[in-house]
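Some notes on the structure that comes next.
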Amino acid sequence: MRLATPNEQDINGALEVTRILGDLSSGRFPSNDADEDVEFDIGDGDDCRKALEMLIDIENKCTLMRAAMTTLVLCDPRNKVIDHSIDYLDHHPEIKAAVELKAKIDSFFTQKFTGGMKFKTRDGVIREIASANFEEGLVAFTDGTDDDLQWVRWENITLIEEDEVAA
């Protein structure tokens, strides 16, 4: 399912409706004028009609449902967009991990291979990178016994920093 992204009018409309409802629930008519403080009486039919007209006028200028549905989708734990284990908005841990992995990949495949870069294979052997094939996602090394390059997929290795090699 695809959901349209709310535009600026939708978001501003949702905020405006929230402000108006807050004012009404506090017993005053919403106003943009800070000096104007008009009492709202929920029992007065004319007051209710005016308040409803304000809300409908906002809905006619935007799509509040789009803003509400987008919020619903973003907050649904099944979508793994936000971290529900904390009480403020932050990316879901799986998104954070994916962004970190992408940064590692980008860093790895944008470096110049001038020698000295090292990696650790899954079996723990430290090797020096001799070459890379960016399109195939491969790195090459020699095993020291001959000059033939051996290729390994980048996801099967771990880049290591110089201080890790010294340790």
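In this text, residue positions in the sequence shown follow our numbering: the first is 52, and each later residue adds one. Positions of the beta carbon are idealized from the N, C-alpha and C atoms, including for glycine. Predicted model only: the values in this text are computed from it and were never measured.
Under the DSSP assignment, K112 falls outside any beta strand (DSSP E), being part of the alpha helix (DSSP H) whose first and last residues are 96-112. Contact between K171 and I211 holds, since their C-beta atoms are separated by about 5 Å, short of 8 Å. For the options D197, V203, R53, R178, the alpha carbon positioned closest to that of E187 is the one of V203. Closest in alpha carbon position to T193, among F185, L123, W205, I180, is I180. Taking C-beta atoms as the reference points, I93 and C99 count as a pair closer than 8 Å. Secondary structure of E187 (DSSP, three-state): coil.
Around the beta carbon of C113, a 10 Å sphere encloses 16 or more other beta carbons of the protein chains shown; the residue is thus reported as buried.
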